[in-house]
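First comes the structure, then the notes that go with it.
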Amino acid sequence: MSSVECRLTPGEVSLATLKAIYHGNVTLTLADSAWSAVNAARRTVDEIVDAGRVVYGINTGFGKLAQTTIPHDRLAELQRNLILSHSVGLGALLPDNVTRLVMATKIISLARGHSGVRPALIEALIALYNAGIMPCIPEKGSVGASGDLAPLAHLSLMLLGVGDVRDNGRIISAREALARVGLNPLEPGPKEGLALLNGTQVSTALALRGLFEAENLFAAALVSGALSLEAIKGSIRPFDARIHQARGQRGQIAVAQVVSSLLTGSEILTSHANCGRVQDPYSIRCIPQVMGACLDNLRHAAGVLQTEANAASDNPLVFSDDDDVISGGNFHAEPVAFAADIIALAVAEVGAISERRLALLLDSALSGLPPFLVNDGGVNSGFMIAQVTAAALASENKSLAHPGSVDSLPTSANQEDHVSMATWAARRLGEMCFNSAAVVGIEAMAAAQGIDFHRPLQSSALLETELAAIRHQVPFLEQDRLLAPELDVMRQWASRSAWPDVITAILPTVTEG
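Sequence positions in the sequence shown follow my numbering and run -12 to 500.
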């Protein structure tokens, strides 16, 4: 399959482009307009070195050692040692989809023209990315301040020809990988090691993964919620647009409209139009209020992460127009930590309300369906223990949702005395999305079972399409059978990215800007 070219204009890269990078099969190029700023910043750094000016990060030590001046003939050694000494990550390697985002956002940041690196360094990163060569980055070891130092150091090892990389999934030496794309190991110039290591690219990439997976989960939960409403023959009245306009919450209005659209044309809905049912439990009736608030959180987080993915977040920053280099704190990932935390809240709540709808489906006194959605109950347990699994996962997410941003441990002899913990805040989103996707998938499977008890009545055209997709993968539960493989299939159903247009139109990567 041929790849699609993505031309990166630093400062203007969209969420849709970042999502395409995450999913792969994309080659990167840098907009021609970026190179003039890169060259100007590099000239400023060279002039500082040639003039013997003492500037932090260029010819000084780092962190607590910032007062130590480094002689000219040891500057390359300084930058190389920085990369080697900071490569102290542990744990499993980041997957390629996250690593692609790390590399792409590092390229974007360096190409903003405030980092002072040589164009050749950026070109090398682009060449390695386009060749499918990914650095081996351990997932643990960053506190999300001074940048993602350890994981970005592991990225930088690749440029030195040190350690191993993944070449389209195959582990090879970094030196071999460089040779494959016609590159020699890099001798880092003044400031280049620091520019590579400082930055929020790892925490941002992990948070973007969480955002993209949360979008899929959110879409699935709108479908599963609508299916559950059909299964219990719930009321459409709480989705009346007038209710939501009267409150004015943007996400709530959007979700009510989506659910109404999903149900349009349903025979099941019209079959009980005059049943006199006034109120459903909150997990059905308040879908717009709960899911709408989740959508608002995802939209806010998306804006923060798009900005950060385009940011110059290393330190110090070069301002070539003013011939100035300023040491600040753009590497501090507090915005990313907060964004990751509110994504976590949304992911946990999507799973929590889904689990409650699942429990509702199994309770015959409330749902009007056979107990545990199976005939010959007693001999058969039906969905009884599947709901226990969902409850376990929803409860696990409550602990994982504890905000990472409120934590801090000082580092570097108290020079770096407040940190963001953004990398953990973002990394735990992967596990949370897995958990909630499983819950939503189980709900959808159970709702499909409930709807089948109403046959031959049909749901809406949109929901019948989803029901057919579910039935293509998991059959009706006539009697107890091994469900674990089917639950994982349904987790994957809830993790997919292809959903009806009426849903995807409200997601952050579509509505950005």
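Ideal Cβ positions, reconstructed from N, Cα and C, are used throughout, including at glycine.
Suppose you measure from the CA of serine 270 to the CA of alanine 27; what does that come to, to the nearest Å?
57 Å
Rounded to whole angstroms, what's the CA-CA distance from valine 242 to methionine 408? Just pull it up for me.
32 Å
Determine the extent of the beta strand (DSSP E) in which valine 152 is found, giving its start and end residues.
For valine 152, the uninterrupted beta strand (DSSP E) segment begins and ends at 151 to 154.
Pick out the complete beta strand (DSSP E) segments inside the region 29 to 102, 3 residues or longer, and give them in chain order.
77 to 80
Using the rule of at least 16 other Cβ atoms within 10 Å of the residue's Cβ for burial, across every protein chain shown, is glycine 500 buried or exposed?
With a pLDDT of 42 at glycine 500, under the threshold of 50, the modelled position of this residue cannot be trusted; read the value that follows with caution. Exposed is the call here.
With three or more C-beta pairs closer than 8 Å as the rule, is the region 431 to 446 touching the region 462 to 478?
yes
Mind checking which residues open and close the alpha helix (DSSP H) that includes serine 160?
No alpha helix (DSSP H) holds serine 160; the beta strand (DSSP E) holding it covers 157 to 160.
To the nearest angstrom, how far is the alpha carbon of glycine 134 from that of arginine -6?
26 Å
Going by the DSSP bridge assignment, what does leucine 17 pair with across the sheet?
Leu(-5)
State buried or exposed for glycine 235, treating a residue as buried only when at least 16 other CB atoms are found within 10 Å of its CB.
Label assigned to glycine 235: exposed.
Counting along the chain, where does the alpha helix (DSSP H) carrying leucine 112 start and finish?
106 to 117
For glycine 500, which three-state DSSP category applies?
Only weak support exists for where glycine 500 lies, its pLDDT of 42 falling under 50; the value from the coordinates is given anyway. Correct three-state label for glycine 500: coil.
What separation, rounded to the nearest whole angstrom, lies between the Cα atoms of histidine 141 and serine 247?
49 Å
In terms of residue numbering, what span does the alpha helix (DSSP H) encompassing methionine 432 cover?
409 to 439
Please name the residue or residues paired with glycine 364 in a DSSP beta bridge.
Asn367
Note down, one range per segment and in chain order, each alpha helix (DSSP H) of at least 4 residues found wholly within the region 125 to 202.
List check, alpha helix (DSSP H) in window: 136 to 147, 161 to 167, 179 to 184.
In three-state DSSP terms, what is phenylalanine 359?
helix
Residue range of the beta strand (DSSP E) that phenylalanine 318 falls in?
Looking at the DSSP string, phenylalanine 318 is not in any beta strand (DSSP E), and its letter there is neither H nor E.
Using three-state DSSP, classify valine 242 as helix, strand or coil.
Note: valine 242 maps to helix in three-state DSSP.
Looking at leucine 193: is its Cβ nearer than 8 Å to the Cβ of valine 85?
Yes; because the gap between Cβ atoms is below 8 Å, this pair is in contact.
What is the rounded straight-line gap between the Cα of alanine 18 and the Cα of arginine 196?
25 Å
When the Cα atoms are used, what is the spatial distance from leucine 139 to aspartate 37?
28 Å
Label isoleucine 274 either buried or exposed according to how many other C-beta atoms from any shown protein chain fall within 10 Å of its C-beta, with 16 as the threshold for buried.
Its Cβ being crowded by 16 or more others within 10 Å, isoleucine 274 is buried.
Answer with buried or exposed for isoleucine 8, where buried requires no fewer than 16 other C-beta atoms within 10 angstroms of its C-beta.
buried
In its own chain, which residues sit with a C-beta less than 7 Å from the C-beta of serine 258, not counting the 5 before and 5 after it?
The residues are Leu444.
Give a yes or no on whether the C-beta atoms belonging to glycine 369 and leucine 285 are separated by under 8 Å.
no
Would you mind stating whether threonine 410 and serine 129 have Cβ atoms separated by less than 8 Å?
yes
Taking just the CA atoms, how far does alanine 320 sit from glycine 391?
11 Å
By Cβ distance, which residues of its chain are closer than 7 Å to histidine 441, with the 5 residues on each side in sequence left out?
Ile255
Just list the residues that DSSP pairs phenylalanine 306 with in beta bridges.
DSSP, once it has assigned bridges, lists Asp311 as partnering phenylalanine 306.
If asparagine 46 sits next to proline 177, beta carbons under 8 Å apart, how far is it from one beta carbon to the other, in whole angstroms?
7 Å
Note the first and the last residue of the continuous alpha helix (DSSP H) segment covering isoleucine 255.
254 to 258
Under a Cβ-count criterion, where at least 16 other Cβ atoms within 10 Å of its own Cβ denotes burial, should valine -9 be classed as buried or exposed?
exposed
By alpha-carbon positions, which one of Pro225, Ser74, Asn171, Val32 ends up nearest to histidine 59?
Val32
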